[in-house]
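**Q**
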Amino acid sequence: MSVSFTFAGERHQDVVLEYGGFAPPDGEGGSWMIEVPALLRMLSAAERGEASVAEVRAMVLRAIGRFSERSGCCPDCEAAIDSYARALQEYQAAAEELSRQEAATTPDSHPYVVSSSGKIHRRDCCSDPARLTIEHPGQTLQEYVHDGRAYDGSSYYMRTSGSAQRMTAEELTAWLGRRKAVRCKLCEPALPGAYASEASDVETSGRR
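Quick note: to get the working numbering, add 24 to the position in the sequence shown (first position is 1).
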């Protein structure tokens with residue numbers, strides 16, 4: 025990236041700036057590098073009394089600040105403004121869907137949970153297989169970008185621990201008709217209907 029400006033009566037055209045790379049990230053102006061010849065010309069103007077060192081410093085900060093005017097942080101945050109707004113919208117939509125699912129699949133209506141390994145749990149199992157979670161994109165733009173939560177093109181969505189599925193007694197009965205019953209040793213759920221006498225053959229490790 026480059027920037028043009030006038031300093032102490034001299035025009036500086038297309039001064040090269042680089043963000044990131046090998047520049048140290050800490051301190052004022054961290055992660056920035058500036059074209060050295062241009063900086064030396066500005067310092068020469070200060071030596072001649074045409075500007076002060078403070079004015080050189082202010083000009084450099086003003087030059088790099090042009091690339092983060094909206095975000096007030098850095099070029100990475102500047103580039104992620106629209107992405108962050110989209111991520112917040114998708115998070116809100118996912119949170120609303122989570123509320124709908126929680127209301128539609130209560131412990132009374134869906135007392136069973138089947139984990140991705142095919143293990144059957146009670147809804148209130150201490151291993152919490154039915155927990156639905158949504159990752160928040162970040163309370164601020166800076167958190168979104170600098171904490172590694174930046175939008176990667178995939179939507180925010182609800183996640184269950186182990187991709188577990190909540191089931192009614194009827195759904196579990198149909199599911200059991202196609203598979204061998206494997207009950208969780210931690211909660212030992214009573215199976216519905218004709219499967220009520222099935223014994224648990226689950227190892228005692230408590231694995232979901």
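Glycine included, each C-beta is placed from N, C-alpha and C at the ideal position.
All values reported here derive from a predicted model rather than from experimental measurement.
Between ALA154 and ARG190, is the Cβ-Cβ spacing less than 7 Å?
**A** In the sequence shown, counting from the first residue as 1, residue 154 sits at position 130. In the sequence shown, counting from the first residue as 1, residue 190 sits at position 166. Result yes, Cβ atoms of ALA154 and ARG190 sit closer than 7 Å.
**Q** Can you tell me whether ILE158 is helix, strand or coil according to DSSP?
**A** Along the sequence shown, one-based indexing puts residue 158 at 134. Three-state DSSP puts ILE158 in coil, outside helix and strand.
**Q** Which residues in the same chain as GLN37 place their Cβ atom closer than 7 Å to its Cβ, once the five residues preceding and following it in sequence are excluded?
**A** Translated into the one-based positions of the sequence shown, residue 37 becomes position 13. Taken in chain order, the residues that qualify are SER28.
**Q** Looking at C-alpha atoms only, which residue of GLU195, GLU34, LEU122 is the closest neighbour of ARG72?
**A** By 1-based counting over the sequence shown, the position of residue 72 is 48. Nearest option by C-alpha distance: GLU34.
**Q** The beta strand (DSSP E) with THR30 in it runs from where to where?
**A** Looking up residue 30 in the sequence shown gives position 6. Per DSSP, THR30 belongs to the beta strand (DSSP E) from 26–31.
**Q** Please return the same chain residues whose Cβ sits closer than 6 Å to the Cβ of CYS97, not counting the five positions on each side in sequence.
**A** Translated into the one-based positions of the sequence shown, residue 97 becomes position 73. Closer than 6 Å at the Cβ level, and outside the excluded window around CYS97, lie GLN166.
**Q** On the three-state DSSP scale, how would you describe LEU41?
**A** The residue labelled residue 41 in the question sits at position 17 within the sequence shown. Three-state DSSP puts LEU41 in a strand.
**Q** In angstroms with no decimal places, state the Cα-to-Cα distance between GLN163 and GLU93.
**A** Residue 163 sits at position 139 when you count from the first residue of the sequence shown. Residue 93 sits at position 69 when you count from the first residue of the sequence shown. Going by the C-alpha atoms only, they are around 20 Å apart.
**Q** With a 10 Å radius around its C-beta and 16 neighbouring C-beta atoms as the bar for buried, classify ARG207 as buried or exposed.
**A** Taking the sequence shown and counting its residues from 1, the one referred to as residue 207 is at position 183. By the neighbour-count rule (16 or more Cβ atoms within 10 Å), ARG207 is buried.
**Q** Between the beta-carbon of ILE145 and the beta-carbon of THR192, is there less than 7 Å?
**A** As a first step, residue 145 is located in the sequence shown; it is residue number 121 there, counting from the start. As a first step, residue 192 is located in the sequence shown; it is residue number 168 there, counting from the start. Residue 145 is actually His in this sequence, not Ile. No, Cβ-Cβ distance for HIS145 and THR192 is not below 7 Å.
**Q** In whole angstroms, what is the alpha-carbon distance linking GLU42 and ARG124?
**A** Working through the sequence shown from its first residue, we reach residue 42 at position 18. Working through the sequence shown from its first residue, we reach residue 124 at position 100. Those two C-alpha atoms are separated by around 47 Å.
**Q** At 4 residues or longer, and completely inside the segment 77–139: list those alpha helix (DSSP H) runs for me, N to C.
**A** DSSP runs (the alpha helix (DSSP H)) wholly in the segment 77–139: 77–89, 99–103, 105–128.
**Q** Out of ALA47, GLY201, LEU64, which one is the CA nearest neighbour of PHE31?
**A** Position 7 of the sequence shown, counted from the first residue, corresponds to residue 31. Nearest option by C-alpha distance: LEU64.
**Q** Under the rule that 16 or more other beta-carbon atoms within 10 Å means buried, what is VAL77, buried or exposed?
**A** As a working note, residue 77 is residue 53 in the sequence shown. Under this definition VAL77 is an exposed residue.
**Q** So, for TRP56: in the same chain, excluding its five sequence neighbours on each side, which residues have a beta-carbon less than 8 Å away from its beta-carbon?
**A** Looking up residue 56 in the sequence shown gives position 32. LEU41, GLU42, TYR43, ALA47, ILE88, listed in sequence order.
**Q** One question on the structure: do ALA75 and ALA69 come within less than 7 Å of each other, judged by their Cβ atoms?
**A** To locate residue 75, count along the sequence shown from 1; it is residue 51. To locate residue 69, count along the sequence shown from 1; it is residue 45. Yes, Cβ-Cβ distance for ALA75 and ALA69 is below 7 Å.
**Q** Using only CA atoms, which one of LEU122, ALA117, ALA188 lies nearest to SER141?
**A** Translated into the one-based positions of the sequence shown, residue 141 becomes position 117. Among LEU122, ALA117, ALA188, the Cα nearest to that of SER141 is on ALA188.
**Q** DSSP state of SER55, grouped into three classes?
**A** Locating residue 55 in the sequence shown gives position 31, counting from the first residue. Three-state DSSP puts SER55 in coil, outside helix and strand.
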